[in-house]
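Using our numbering, the first residue of the sequence shown is number 8, and each one after it goes up by one.
In this text, a Cβ means the ideal position worked out from N, Cα and C, and glycines have one as well.
Following: one structure in structure tokens, then a few remarks.
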Amino acid sequence: MKTLSKTEAYESGRAAGKAARNHLKQEIKDGFQSARKSFPASANLDYADALVKLDRERIAHAPSLTRFPETKGLPDLLIAERKGFLDGSGGGPLELAFRYSWWFFQTRRLQTRYMSSSSSKCPKGECTAVFISNSKEGGPLFGRNWDEPNRPLPWFMGVPSQGPDHVQRLAWKGVSAGTLCDEEPTEIFPLNPFDILPDDCRKVEDVAAFLQRYADFWGPNNGIIVDDEDHAVAYEKLNCRMGVRYSEDGSAAVTACAVVIPEIKAFRDQIHRKSMELRGMDVEHSTDAHYWKGCEARYRRLLKLTAAASRNAATLQDMAAIVTDHAAPYPERICIAGQTCHPDLKSEDTEWTMTSRAMVLSGANRRVLYYRVEGNQACYENPPFLVLGKGVALKPEWLKGTRSDPSYSNPVSCMPEAAELNEDSMLKLYSDRVWRK
């Protein structure tokens with residue numbers, strides 16, 4: 008756990024504020040507009056007033072040091088960071104609240120309170136993450152899909168500038184798992200438990216236990232944690248509940264908006280049904296019912312494919328085959344290409360795997376295969392980009408079928424950029440934050 012001074016916390020907030028300054032007001036406008044469309048029952052709610060009040064309430068609700076001793080000094084650091092963000096952004100209470108409490112407001116207020124017969128679609132997402140330690144590549148494998156509507160990709164979803172750097176990290180990948188009618192937590196102070204992991208909390212079992220103790224403070228999402236010894240655990244996290252799943256072969260895989268851990272699934276199924284009843288939906292045949300069943304079908308197939316690849320000691324091509332899987336009909340397939348879960352849905356509701364990536368995380372063969380949608384061509388219909396890790400010697404057989412293949416119409420270099428991986432290039436590589444060396 009890195010301990011910051013108040014000055015460092017202030018400067019961190021100030022830098023974030025400067026980075027957000029030119030687009031923050033538009034983000035707020037877009038966020039409010041999207042939420043009102045998704046939650047028509049909140050039509051009379053003053054979002055700005057409610058969000059600012061909630062943010063102030065959260066700051067005043069410091070955790071008990073008896074239950075959460077790792078938070079000692081955290082409120083003072085957060086106040087300094089928030090002051091820095093205000094100074095850097097030039098914003099006021101609303102901009103501050105949006106930065107620190109908008110996600111909490113959506114998942115712990117809108118999704119829990121504002122249901123009606125005219126109300127909203129369930130939170131949707133189809134992203135996928137896979138980890139396999141048993142590999143023929145000399146290092147573990149990671150796979151990641153980013154599933155979104157077919158629209159221009161944000162910068163951090165572009166082609167990675169280099170492959171993994173061989174530095175061992177506590178890797179974390181979260182995929183969507185928001186659920187309507189979920190519980191509201193008792194603990195509401197804004198903190199991310201990954202930021203305060205004790206230095207001696209290194210094994211996945213210890214990390215999982217720590218996150219369970221802080222369950223009120225984070226999520227919801229499904230994800231994978233990998234420790235220094237390449238041991239992995241998959242977790243499924245609702246607002247206040249968390250379940251973990253270990254595999255005998257050390258692999259882990261999760262997909263979005265589905266759960267398989269029995270105690271989590273039992274509760275999640277209960278609140279799904281409640282949310283559909285409150286919205287006047289057919290609990291068996293509505294679009295939401297079809298969507299959730301589809302997510303679970305995809306999850307079962309994902310776990311089956313992952314176990315098979317791990318059992319045989321996987322290659323990078325095996326991981327690529329998992330994340331670009333389209334051998335099964337929708338919704339079971341892992342890689343989605345413009346399908347919808349129900350015939351009543353409009354064309355703008357089609358689902359796409361916008362990017363797929365497979366990578367070797369460590370060793371002499373570190374590299375990435377990166378696939379992306381182009382126009383209306385699915386990921387798997389386009390040759391992948393090959394990107395090597397820094398210092399990795401190219402093997403000619405790696406080029407086959409990639410955009411770096413000399414036979415490709417306009418070959419693309421597979422060599423990594425010279426600079427070390429920084430925060431931006433790490434985000435581009437993993438499409439998510441990766442925690443702590």
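Backbone secondary structure at Arg308 - three-state DSSP: What you label residue 308 is simply residue 301 of the sequence shown in a count that begins at 1. It is helical.
Residue closest to Cys134, alpha-carbon to alpha-carbon, out of Asp154, Glu303, Gln277: For the purposes of this step, residue 134 is taken as the residue at position 127 of the sequence shown. Of the listed residues, the one whose Cα sits closest to Cys134 is Asp154.
Cβ shell of Arg252 (< 6 Å), same chain only, five flanking positions each side left out: As a working note, residue 252 is residue 245 in the sequence shown. Result list for Arg252: Ala241, Ile268, in chain order.
Lys244, enclosing beta strand (DSSP E) - first and last residue: Counting from 1 along the sequence shown, the entry for residue 244 is found at position 237. Residues 239-244.
Identity of the residue in Pro390, Ala371, Glu404, Gln384 nearest Gly508 by Cα: The requested residue 508 is not part of the displayed model; the chain covers only 8 to 444.
Ranges of the beta strand (DSSP E) found wholly within the stretch 227-307, counting only runs of at least 3: Fully enclosed beta strand (DSSP E) runs of 3 or longer: 228-233, 239-244, 249-252, 259-262.
DSSP-derived helix/strand/coil call for Lys180: Sequence index remark: in the sequence shown, residue 180 carries index 173 (1-based). Reduced to three states, the DSSP call for Lys180 is strand.
Secondary structure of Arg43, DSSP reduced to three states: Position 36 of the sequence shown holds residue 43. If DSSP states are grouped into helix, strand and coil, Arg43 belongs with the helices.
Continuous alpha helix (DSSP H) stretch holding Ser363: start and end: Stepping through the sequence shown from its first residue, residue 363 is reached at position 356. The continuous stretches of alpha helix (DSSP H) do not include Ser363, which lies in the beta strand (DSSP E) extending over residues 358-367.
Coil, strand or helix - Glu191 by DSSP: As a position in the sequence shown, residue 191 is number 184, starting the count at 1. For Glu191, the secondary structure class from DSSP, reduced to helix, strand or coil, is coil.
Assigned exposure category for Lys407 - 16 Cβ within 10 Å defines buried: Here residue 407 refers to the residue found at position 400 of the sequence shown. Exposed, by the Cβ-count rule.
Spatial neighbours of Arg43 in its chain, beta-carbon cut-off 8 Å, leaving aside the 5 residues before and after: The residue given as residue 43 occupies position 36 in the sequence shown. Counting only Cβ-Cβ distances below 8 Å, and skipping sequence neighbours, we find Ser49, Ala50, Tyr54.
CA nearest to the CA of Tyr377, picked from Gln175, Tyr221, Val394: Position 370 of the sequence shown, counting from 1, holds the residue named residue 377. Checking every option, the nearest Cα to that of Tyr377 belongs to Val394.
Cβ-Cβ distance between Ala314 and Gly230 below 8 Å: For this step, residue 314 is matched to residue 307 along the sequence shown. For this step, residue 230 is matched to residue 223 along the sequence shown. Not a contact, by the Cβ cut-off of 8 Å.
Of the residues Ala334, Gly301, Glu291, the one placed nearest Leu312, counting alpha carbons only: The sequence position of residue 312 within the sequence shown is 305, counting from 1. The shortest CA-to-CA distance from Leu312 to any of Ala334, Gly301, Glu291 is the one to Ala334.
Three or more C-beta pairs below 8 Å linking the stretch 184-195 and the stretch 212-229: Contact between the stretch 184-195 and the stretch 212-229 is present: three or more C-beta pairs spanning the two stretches fall below 8 Å.
Proximity test, Cβ basis, 8 Å: Pro147 and chain D: No chain D is part of this structure, which consists of one protein chain only.
Under the three-state DSSP convention, the category Leu160 falls into: Taking the sequence shown and counting its residues from 1, the one referred to as residue 160 is at position 153. Coil at Leu160, not helix or strand.
Residue environment, Lys435, which counts as buried when at least 16 other CB atoms sit within 10 Å: Position 428 of the sequence shown, counting from 1, holds the residue named residue 435. Lys435 should be labelled buried.
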